[in-house]
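The opening residue of the first sequence carries number 48 in my numbering; numbering runs sequentially from there. Here the structure comes first, spelled out in structure tokens, and everything after it is commentary.
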Amino acid sequence: MAEYNNKPDNEGTVKKANFIHTQITEDLKAGKNEKRVHTRFPPEPNGYLHIGHAKSICLNFGIAEKFGGKTNLRFDDTNPSKEETEYVESIKEDVRWLGFDWEDRLYFASDYFEKLHDFAIKLIKDGKAYVDDQDAETISNQKGTPTRPGFESPCRTRSVEENLDLFARMTNGEFDEGSCVLRAKIDMASPNMHMRDPIIYRIMKAHHHRTGDKWCVYPMYDFAHGQSDYWEGITHSICTLEFEVHRPLYDWFIDQLQETDYRPRQIEFARLNLNYTVMSKRKLLELVKDKHVNGWDDPRMPTISGLRRRGYTPESIRNFSDRIGVTKVDGVIDVTLLEHSVKEHLNRTAQRVMGVINPLKVVITNYPENQSEELDAVNNPEDASMGSRKVPFSKELYIERDDFMEDPPRKFFRLGPGREVRLRYAYFVTCNDVIKDANGNITELHCTYDPASKGGNSPDGRKVKATLHWVSAKHAIKSEVRMYDRLFRDENPDGHKDRDFKEFLNPDSLKLLNDCYLEPFVQGAKTLDHFQFERLGYFNVDPDSTDEKPVFNRTVQLRDSWAKQQNKKQ
RNA sequence: UGACCUGUGGUGUAACUGGCAACACGUCUGACUCUGGAUCAGAAGAGUGCAGGUUCGAGCCCUGCCAGGUCAACCA
Numbered sequence: 048m049a050e051y052n053n054k055p056d057n058e059g060t061v062k063k064a065n066f067i068h069t070q071i072t073e074d075l076k077a078g079k080n081e082k083r084v085h086t087r088f089p090p091e092p093n094g095y096l097h098i099g100h101a102k103s104i105c106l107n108f109g110i111a112e113k114f115g116g117k118t119n120l121r122f123d124d125t126n127p128s129k130e131e132t133e134y135v136e137s138i139k140e141d142v143r144w145l146g147f148d149w150e151d152r153l154y155f156a157s158d159y160f161e162k163l164h165d166f167a168i169k170l171i172k173d174g175k176a177y178v179d180d181q182d183a184e185t186i187s188n189q190k191g192t193p194t195r196p197g198f199e200s201p202c203r204t205r206s207v208e209e210n211l212d213l214f215a216r217m218t219n220g221e222f223d224e225g226s227c228v229l230r231a232k233i234d235m236a237s238p239n240m241h242m243r244d245p246i247i248y249r250i251m252k253a254h255h256h257r258t259g260d261k262w263c264v265y266p267m268y269d270f271a272h273g274q275s276d277y278w279e280g281i282t283h284s285i286c287t288l289e290f291e292v293h294r295p296l297y298d299w300f301i302d303q304l305q306e307t308d309y310r311p312r313q314i315e316f317a318r319l320n321l322n323y324t325v326m327s328k329r330k331l332l333e334l335v336k337d338k339h340v341n342g343w344d345d346p347r348m349p350t351i352s353g354l355r356r357r358g359y360t361p362e363s364i365r366n367f368s369d370r371i372g373v374t375k376v377d378g379v380i381d382v383t384l385l386e387h388s389v390k391e392h393l394n395r396t397a398q399r400v401m402g403v404i405n406p407l408k409v410v411i412t413n414y415p416e417n418q419s420e421e422l423d424a425v426n427n428p429e430d431a432s433m434g435s436r437k438v439p440f441s442k443e444l445y446i447e448r449d450d451f452m453e454d455p456p457r458k459f460f461r462l463g464p465g466r467e468v469r470l471r472y473a474y475f476v477t478c479n480d481v482i483k484d485a486n487g488n489i490t491e492l493h494c495t496y497d498p499a500s501k502g503g504n505s506p507d508g509r510k511v512k513a514t515l516h517w518v519s520a521k522h523a524i525k526s527e528v529r530m531y532d533r534l535f536r537d538e539n540p541d542g543h544k545d546r547d548f549k550e551f552l553n554p555d556s557l558k559l560l561n562d563c564y565l566e567p568f569v570q571g572a573k574t575l576d577h578f579q580f581e582r583l584g585y586f587n588v589d590p591d592s593t594d595e596k597p598v599f600n601r602t603v604q605l606r607d608s609w610a611k612q613q614n615k616k617q
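Here it is as structure tokens:
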């Protein structure tokens, strides 16, 4: 089991105790629930999981890990009109990929439809539930408003027998959708809207992804969730802040159920907000449906599948979750913190490779025509155990266009006419000629190399100010590279009144580069393999890759002090 | 005009039953370097929403304000 409590874990980070941990510790101290800790992650299968869910997953499974308890995966599938099997599968995959295991405890709220139905009948018999056949608008009006109490429905006094009969007929499908509902009889004058005789069953003649056409009535969230917790023996039911006002109702149902000392407890925390993106499933679905992105796993999406495809690692997402903490304050996390988390992980683990994304041809004029040689290159300077590899060198090379300036400013350390730089792991080269086409565009550079500097150092101790990455033209693997930027230009795209969040989509969030050259080492890399393209950033293999055309996604760029200086000037 | 919740450096979190506000990211210096990466060293930056009160002493306790959020789906 991992050690928490402010001790560094094996990834070198510190996992802090949060307020939920504190409360659980107190419950344990008080001897509640026979000192068991059992949590659950309860997604509704109506969309793909996103980074906000990852926070919840890490929290719930993390608690089980910390307290020696268990975590169930439970699908909250009480609304057949929105839920699909596709989502169930993607969610399972994402939770597993994040590194968590629900073992044999995979449940569905729909597992409890029978029990829930029985429980509803019990409430009717106890005089605590009734069928209301007024229309939705009438019921809604009777509910009052947050500042004004509601008043009682005329159906509230129906006899137990009549309620039983009506509910049975609802269940049998004798009534149309919307014609009546089952309500709990609580308190229409409660200051808490959720206690004003909440609807607990509605008629829906929809096909359910698991129970098929068996049911014509489906329980509402409030009537299913706490009960599911109870039947599964959950001790701590952790959910987001908006359910805070539901807690009295959660407790009310548990009161009706409770037979022993065992009792689940709902605790709320603030959901994750990230800037420059949207997090609601509805909006993410809209982006997918309207093709603003290429599916739920588009690398620009904040979905777990999107982040995975983008090149994020489970470790980095778990670390991110630990770093942001858990509180009841709802704030906004800077995406750069997420980015920092991957960079930190990938820096330690990613294979280094050279790749030129915006090629500029370089001819080494004093290098023999048909010669080539292999030079040693370190695979990861952070991890000697990753060893080294050979990189081919020859007369014609590509370097990055940005690494050359015809009229360089003083602070620009890279290549310019007459300047000498180092080609990483290779030689010192000096630029002698700049070749241009008829329009004045630079088409290639003529350089000479210093044979004595083989490997990257000159025996005379000469220093150069820059080291460039490069690729041998005839050995290079041509590939496509997809450069991603934030999906939205605005920090808080859905925070504008009267303006649709889609107005803030970043038109430059995806740039396809088709003329990229990578060193042969990447040949045969598998989907999702990570690399650092030296000096550029971290990249991974996209599933769209083929043998003929490898495709790489840029996960994040490396810190770029030069670019930063330039930005400051503007 | 209700109920519930929240309010600590730019951002996110911390501060055991009250004891001179800590950490991370970011920012800025400098060192080192065959990645202008990474790393290392250092600096700036809040006096804890506001006003009172209790106390030798309050971010932590009390009172009153202010600000923000949530709640009126037969969604979850």
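For glycine and all other residues, C-beta sits at the position ideal for the given N, C-alpha and C. None of these values were measured; they are calculated from a predicted model.
Alpha carbon to alpha carbon, how far is E453 from V481? Give it in angstroms, no decimals.
For the purposes of this step, residue 481 is taken as the residue at position 434 of the first sequence. For the purposes of this step, residue 453 is taken as the residue at position 406 of the first sequence. For V481 and E453, the distance between alpha carbons rounds to 8 Å.
Would E491 and K408 qualify as a contact pair, given that the criterion is a beta-carbon distance under 8 Å?
Counting from 1 along the first sequence, the entry for residue 491 is found at position 444. Counting from 1 along the first sequence, the entry for residue 408 is found at position 361. Contact flag set, yes.
Between T69, E140, Q579 and A572, which has its C-alpha nearest I351's C-alpha?
In the first sequence, residue 351 corresponds to position 304, counting from 1. Measuring from the Cα of I351, the nearest candidate turns out to be E140.
Could you tell me the distance, in whole angstroms, from the CA atom of N405 to the CA atom of N488?
The residue given as residue 405 occupies position 358 in the first sequence. The residue given as residue 488 occupies position 441 in the first sequence. Put simply, the backbone Cα of N405 is about 14 Å away from that of N488.
Tell me where the alpha helix (DSSP H) around R357 begins and ends.
Along the first sequence, read from residue 1 onward, the residue named residue 357 stands at position 310. R357 -> alpha helix (DSSP H) spans I351 to R357.
By the three-class DSSP mapping on this structure, what secondary structure does K611 have?
Residue 611 sits at position 564 when you count from the first residue of the first sequence. The answer is helix: DSSP assigns K611 an H, G or I state.
Would you give the residue range spanned by the alpha helix (DSSP H) that M217 belongs to?
By 1-based counting over the first sequence, the position of residue 217 is 170. Here the alpha helix (DSSP H) through M217 covers V207 to T218.
Please determine whether the Cβ atom of G503 lies at a distance below 7 Å from any heavy atom of the ligand ZN.
Looking at this structure, you won't find the ligand ZN or any other ligand, since it has none at all.
Kindly give me the distance between the Cβ atoms of M217 and C227, rounded to whole angstroms, as I take these residues to be in contact under 8 Å.
Along the first sequence, one-based indexing puts residue 217 at 170. Along the first sequence, one-based indexing puts residue 227 at 180. Between C227 and M217 the Cβ distance is about 6 Å, and since that is below 8 Å, they are a contact.
Evaluate the contact criterion for the stretch 285-296 versus the stretch 166-180: three or more CB pairs, one atom per stretch, below 8 Å.
Three or more beta-carbon pairs separated by less than 8 Å are not found between the stretch 285-296 and the stretch 166-180, which leaves the two stretches without contact.
Got a sec? Which residues, its chain only, sit under 6 Å from L462 by beta carbon, not counting five neighbours each side?
Here residue 462 corresponds to residue number 415 of the first sequence, with the count starting at 1. Once the five neighbours on either side are set aside, the close Cβ partners of L462 are D450, F451, V468 and C478.
Taking the runs of the alpha helix (DSSP H) that are 4 residues or longer, which of them lie wholly in the stretch 125-184?
Counting only runs of 4 or more, we get 132-145 and 160-172.
Write down the C-beta distance between E130 and E91 rounded to the nearest angstrom, noting that I regard them as a contact closer than 8 Å.
The residue given as residue 130 occupies position 83 in the first sequence. The residue given as residue 91 occupies position 44 in the first sequence. About 7 Å; that satisfies the 8 Å criterion.
Assign G116 to one of two classes, buried (16 or more other C-beta atoms within 10 Å of its C-beta) or exposed (fewer than that).
What you label residue 116 is simply residue 69 of the first sequence in a count that begins at 1. Under this definition G116 is a buried residue.
Check K525 in the structure and name its three-state DSSP category.
As a working mapping, residue 525 is identified with position 478 in the first sequence. Strand.
Need the endpoints of the beta strand (DSSP E) that Q604 sits in, please.
Residue mapping note: residue 604 aligns to position 557 of the first sequence, counting from 1. Counting along the chain, the beta strand (DSSP E) containing Q604 begins and ends at V598 to Q604.
Would you kindly check if the distance between the Cβ of S275 and the Cβ of A156 is under 8 Å?
Taking the first sequence and counting its residues from 1, the one referred to as residue 156 is at position 109. Taking the first sequence and counting its residues from 1, the one referred to as residue 275 is at position 228. Yes. Within cutoff.
When you compare each of K483, S363, I301 and R582 to S608 by their alpha carbons, which one comes out closest?
On the first sequence, residue 608 is found 561 positions in, with the first residue counted as 1. Closest option to S608, Cα to Cα, is R582.
Considering just the uninterrupted stretch of the alpha helix (DSSP H) at N107, what are its terminal residues?
Within the first sequence, the letter at position 60 stands for residue 107. Here the alpha helix (DSSP H) through N107 covers I98 to F114.
How big is the Cα-Cα spacing for G584 and V528?
Position 537 of the first sequence, counted from the start, is the residue given in the question as residue 584. Position 481 of the first sequence, counted from the start, is the residue given in the question as residue 528. Taking the straight line joining both Cα atoms gives about 12 Å.
With 16 as the cutoff for other CB atoms within 10 Å, does P55 come out buried or exposed?
For the purposes of this step, residue 55 is taken as residue 8 along the first sequence, with counting starting at 1. Reliability of the predicted coordinates at P55 is poor, the pLDDT of 32 falling under 50, and no value is obtained from them.
In the DSSP assignment, what are the bridge partners of C478?
For the purposes of this step, residue 478 is taken as residue 431 along the first sequence, with counting starting at 1. Answer by DSSP bridge pairing, in chain order: C494.
What residue from G99, T602 and N413 has the CA that sits closest to G378's CA?
The sequence position of residue 378 within the first sequence is 331, counting from 1. It is G99.
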